[in-house]
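See below for the structure under consideration.
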């Protein structure tokens, strides 16, 4: 006696397209063969496919099967996710589009003036692929640093003759969306960290702390300055093509206010390049 039609393959009661159905918080460790050598990353993954309005559901065990292929990690996180998205489409022959997303922590060698450290950055990467090969890559990098307020600095100088100001801890994030163009995590992280008054370091001795504070006070910045400079630095250091979409956001954890400050910009790389000429 043959098997009947599985529930997922039957028509739904409401015929609407579902853009994403799948799993969140899937844990995997992968090996990437980067230009700096082999890197092992612990990933938190999201795996989705799109289903049309004429089927009730997706066979979601196939999402996990798409991960169970060894030796295909690739040279970057985006390449790994592209391989996952491709396998999702192979497993789900009824799906028009697949999406693979990963969150992880990455460590970047940071040099700022005479200071040096290996610092953690937050990374989120995403690959969306349509059947036929059309693909979109998105990479987001988040760093922690600090700003010195130029407004307070100027007023204190005028009113009291002292070069004093307040400092903030800032989270700065850039997202770059491309059509398969690779953007290195290290370049994005450095572009962001050098957009702040100063980066943060995990380990500082007293003399190094003093040096970092002195450097920050020589680079006072509004949060608006930070996001604009970050967008410029991302385009220049990342050598982005004109159609790349750049998003930058910053949240300042204010030291003298009970609320936070936020700034966001969104622009095509080509428009940023025009402003630089």
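Numbering (this note's numbering), first residue to last: 52 to 328.
Ideal placement from N, C-alpha and C gives every residue a C-beta, glycine not left out.
Taking the beta strand (DSSP E) that residue 222 falls in, what are its first and last residues?
Start and end: 218-229.
Quick one: grab the DSSP three-state call for residue 121.
A caution first: residue 121 carries a pLDDT of 47, below 50, which makes its placement in the model too unreliable to give a value.
Separation of residue 294 from residue 258, as counted between CA atoms:
Here the C-alpha atom of residue 258 lies approximately 45 Å from the C-alpha atom of residue 294.
Looking at the unbroken beta strand (DSSP E) that takes in residue 322, where does it start and where does it end?
Where residue 322 is concerned, there is no enclosing beta strand (DSSP E), although the alpha helix (DSSP H) it sits in stretches over 320-327.
Quick check on the DSSP output: the alpha helix (DSSP H) that includes residue 254 runs from which residue to which?
Where residue 254 is concerned, there is no enclosing alpha helix (DSSP H), because DSSP gives it neither an H nor an E.
Identify the continuous beta strand (DSSP E) that holds residue 296 and give its terminal residues.
Note, residue 296: beta strand (DSSP E), 296-304.
Report buried or exposed for residue 99, applying the criterion of at least 16 other Cβ atoms within 10 angstroms of its Cβ.
Sixteen is the threshold: when 16 or more other Cβ atoms of the shown chains lie within 10 Å of the Cβ of residue 99, as they do, the residue is buried.
Would residue 117 and residue 142 qualify as a contact pair, given that the criterion is a beta-carbon distance under 7 Å?
Going by C-beta atoms, residue 117 is nearer than 7 Å to residue 142.
Between residue 278 and residue 254, what straight-line distance do the alpha-carbon atoms span, to the nearest angstrom?
Cα-Cα distance, rounded: 26 Å.
Inter-residue Cα distance where the pair is residue 245 and residue 160:
Straight-line Cα distance between these residues: approximately 13 Å.
Burial state of residue 281 (16 or more Cβ within 10 Å):
Counting Cβ neighbours within 10 Å, residue 281 comes out buried, since at least 16 surround it.
Return the CA-CA distance between residue 53 and residue 139, expressed in angstroms with no decimal places.
For residue 53, the predicted model reports a pLDDT of 49, less than 50, meaning its position is unreliable and no value from the coordinates is stated.
Consult DSSP for residue 190 and reduce its assignment to one of helix, strand or coil.
Secondary structure at residue 190: strand, using DSSP grouped into helix, strand and coil.
Cβ neighbour criterion (16 or more within 10 Å) applied to residue 223
So residue 223 counts as buried.
Do you know how far the Cα of residue 60 is from the Cα of residue 315?
The straight-line gap separating the alpha-carbon atoms of residue 315 and residue 60 is approximately 43 Å.
In chain order, what residues of the same chain lie with their CB nearer than 8 Å to the CB of residue 287, ignoring the 5 residues before and after it?
Answer for residue 287: 242 and 327, listed in chain order.
Taking only the alpha-carbon atoms, compute the straight-line gap between residue 154 and residue 91 and give it to the nearest angstrom.
Between the alpha carbons of residue 154 and residue 91 lies a distance of about 13 Å.
Cα-Cα separation, residue 95 to residue 115:
Going by C-alpha positions, residue 95 is about 13 Å away from residue 115.
Starting from the Cα of residue 130, find the closest Cα among 56, 271, 101 and 190 and give me that residue.
Minimum Cα distance to residue 130 is reached at 190.
When DSSP labels each residue in this structure, what does residue 372 get in the three-state scheme?
As displayed, the chain neither begins before 52 nor continues past 328, which places residue 372 out of reach and without an answer.
Quick one, which of 227, 250, 233 and 220 has its alpha-carbon nearest residue 305's?
Ranking the options by Cα distance to residue 305, first place goes to 220.
Nearest-angstrom Cβ-Cβ length linking residue 151 and residue 132, presumed shorter than 8 Å:
The beta carbons of residue 151 and residue 132 sit about 4 Å from each other, so the pair counts as a contact at 8 Å.
Please report the residue range of the beta strand (DSSP E) in which residue 92 lies.
Where residue 92 is concerned, the enclosing beta strand (DSSP E) stretches over 88-102.
DSSP state of residue 201 mapped onto helix, strand, coil
Note: residue 201 maps to helix in three-state DSSP.
In three-state DSSP terms, what is residue 26?
With the chain covering only 52 through 328, there is no way to say anything about residue 26.
Residue burial classification, residue 121 (beta-carbon count within 10 angstroms, cutoff 16)
Confidence at residue 121 is low in this model, with a pLDDT of 47, below 50, so its placement is unreliable and the value that follows should be read with caution. Counting the other Cβ atoms within 10 Å of the Cβ of residue 121 gives fewer than 16, which makes it exposed.
Given a cut-off of 7 Å, decide if residue 68 and residue 103 are closer than it, judged by their beta-carbon atoms.
Yes. Within cutoff.
Using DSSP with H/G/I as helix, E/B as strand and the rest coil, what is residue 278?
Helix, per DSSP.
If we ignore side chains and look at the alpha-carbon of each, how far apart do residue 76 and residue 232 end up?
Whole-angstrom Cα-Cα distance: 26 Å.
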